[in-house]
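K.L.:
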Amino acid sequence: MLRLQAPLPDRYTTAEPEDLASRIAAAKASLGSRLFVLGHHYQRDEVMRWADARGDSYRLSVLAAENPVAEYVVFCGVHFMAESADILTGDHQTVVLPDLNAGCSMADMADLDSVEEAWDALSAVIDVERLVPITYMNSSAALKAFVGRNGGAVCTSTNARAVLSWALAEGRGDKVLFFPDQHLGRNTGLAMGYGHGDMRVWDPRRELGGLEEKDCKEATFLLWKGHCSVHQRFRPEHVAAFRASHPGGIVVAHP
4 MLRLQAPLPD RYTTAEPEDL ASRIAAAKAS LGSRLFVLGH HYQRDEVMRW
54 ADARGDSYRL SVLAAENPVA EYVVFCGVHF MAESADILTG DHQTVVLPDL
104 NAGCSMADMA DLDSVEEAWD ALSAVIDVER LVPITYMNSS AALKAFVGRN
154 GGAVCTSTNA RAVLSWALAE GRGDKVLFFP DQHLGRNTGL AMGYGHGDMR
204 VWDPRRELGG LEEKDCKEAT FLLWKGHCSV HQRFRPEHVA AFRASHPGGI
254 VVAHP
């Protein structure tokens, strides 16, 4: 999603790295504790050197909320991260995203209009009172508000299992609509003991998500057709090559 932003003045775009560093240092010294700079793990070293805290998106948002003395929170990350920090911080705090067009392709794969259309379509074939919407942290504030309005929740990769267990607890729901990351929903469901037969992928570009009415009724997990564009580039042969080169190595995979 393209967001309009005024271009940086020439004095910044043409400045030497040493000049920029001195400007940043002077600004931080002048603002002191009124400024809190957050650096997401994905940032480059030349950005991370100025961070007052580093971590994943949720942890950084929590740290911002726990630092109410900071009037200005500069989030060196992407759009949904800054939105999340803005939700958790106080009204007196201003969250700044240096580049308004710094985005997450996966977060952009589910927008409010398409999710509301899916909800309306599902309401015609199943009882949505028993459908619990769950959105991954990597989603817009609008989707976080949607799940709140409809009895759902926001999850992180760490607590996804606990949130899905809560959603499917007796008396709450029979099925979940999980967005935008189908793989997190699928892998978590499999870890909980569900099978692939309990899951269907909802394609927002097709009528009724590309499913039959019986699919919607039978599925416990309706998984949004979204994914991390970077994760999609990893292949089993990459893991095999690593293990061949490093027999004692450890393979760590994000769910």
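Using my numbering, the letters of the sequence shown correspond one by one to residues 4 to 258. For glycine and all other residues, C-beta sits at the position ideal for the given N, C-alpha and C. Since the model is a prediction, treat every value here as computed from it, not as a measurement.
Can you check which of these residues, LYS220, ARG189 and LEU171, is closest to HIS257 by C-alpha distance?
P.N.:
Residue ARG189 is the option with its Cα nearest to HIS257.
K.L.:
For ASP184, count the other beta carbons within 10 Å of its own beta carbon; 16 or more makes it buried, fewer makes it exposed. Which is it?
P.N.:
buried
K.L.:
Whose CA, out of TYR15, ASP201, HIS44 and GLY80, lies closest to the CA of LEU103?
P.N.:
GLY80
K.L.:
Identify whether PHE237 lies in helix, strand or coil by the three-state DSSP scheme.
P.N.:
coil
K.L.:
Going along the chain, which unbroken runs of the beta strand (DSSP E) with 3 or more residues stay wholly within the segment 33-57?
P.N.:
38-43
K.L.:
In whole angstroms, what separates the C-alpha of PRO239 from that of ALA32?
P.N.:
48 Å
K.L.:
Would the beta-carbon of GLY176 fall within 8 Å of that of LEU134?
P.N.:
yes
K.L.:
On the DSSP letters alone, give me the boundaries of the beta strand (DSSP E) that CYS79 sits inside.
P.N.:
75-79
K.L.:
Count the C-beta pairs between the segment 226-245 and the segment 201-208 that are closer than 8 Å, then say yes if the count reaches three, no if not.
P.N.:
yes
K.L.:
Between SER143 and PHE181, how many whole angstroms is the CB-CB distance? I'm expecting something under 8 Å.
P.N.:
16 Å between Cβ atoms; not a contact.
K.L.:
Return the chain-ordered list of same chain residues with a C-beta closer than 8 Å to the C-beta of PRO12, the five sequence neighbours on each side being excluded.
P.N.:
Scanning its chain for C-beta atoms nearer than 8 Å, with the 5 sequence neighbours on each side dropped, one finds no residue around PRO12.
K.L.:
DSSP state of CYS219, grouped into three classes?
P.N.:
helix
K.L.:
Could you please give me the residues that DSSP links to LYS178 through a beta bridge?
P.N.:
LEU134
K.L.:
Give every residue of the same chain whose Cβ lies closer than 6 Å to the Cβ of GLY212, excluding the five residues on either side of it in the sequence, and list them in chain order.
P.N.:
TRP205 and ASP206
K.L.:
Hey, ILE3 and VAL179 are a contact pair by Cβ (cut 8 Å); roughly how many whole angstroms apart?
P.N.:
The structure shown does not extend to residue 3, since the chain is modelled only from 4 to 258, so the question has no answer here.
K.L.:
Pull up the distance between the alpha-carbon of ARG62 and that of VAL233, whole angstroms please.
P.N.:
22 Å
K.L.:
Return helix, strand or coil for TYR139, following the three-state DSSP convention.
P.N.:
strand
K.L.:
Report the residue from VAL65, ASP59 and VAL40 whose alpha carbon sits nearest the alpha carbon of VAL99.
P.N.:
VAL40
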